[in-house]
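Written below as structure tokens is the structure these notes are about.
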Amino acid sequence: MCRQTTCKTCGKATWAGCGQHVEQALAGVPRSQRCAGHDTPAKKGFWNAFLR
90 MCRQTTCKTC GKATWAGCGQ HVEQALAGVP RSQRCAGHDT PAKKGFWNAF
140 LR
């Protein structure tokens, strides 16, 4: 079951869980106040240069 949580990046409402109950978890939250997702920054480090 999914549950509502707060995005650590933007502070807007988002969800956590299986993904099958997102609309139920975010019921009552306007789409403008929901997190739309963020690009994951590339990891920096010595070994990551070789693992691409």
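Per the working numbering, residue 90 is the first one in the sequence shown, and the count goes up by one each step.
Each residue gets a CB set at the ideal place from its N, CA and C atoms; glycine is no exception.
Limits of the alpha helix (DSSP H) - the one that residue i falls within
i, result
"Ala-114", "111-114"
First through last residue of the beta strand (DSSP E) which encompasses residue i
i, result
"Arg-92", "92-95"
"Trp-69", "Residue 69 lies beyond the range of the chain shown here (90 to 141); nothing can be said about it."
"Ala-125", "Careful: Ala-125 lies outside any beta strand (DSSP E) and carries neither H nor E."
Any chain D beta carbon closer than 9 Å to residue i
i, result
"Cys-91", "Judged by its chain identifiers, the structure shown contains no chain D, having just a single protein chain."
Sub-9 Å separation of residue i and residue j beta-carbons
i, j, result
"Cys-91", "Gly-117", "no"
"Gln-93", "Ala-125", "no"
"Thr-98", "His-127", "yes"
Anticipated Cβ contact below 8 Å, residue i with residue j, distance rounded
i, j, result
"Arg-120", "Ala-102", "About 10 Å separates the two Cβ atoms, so there is no contact after all."
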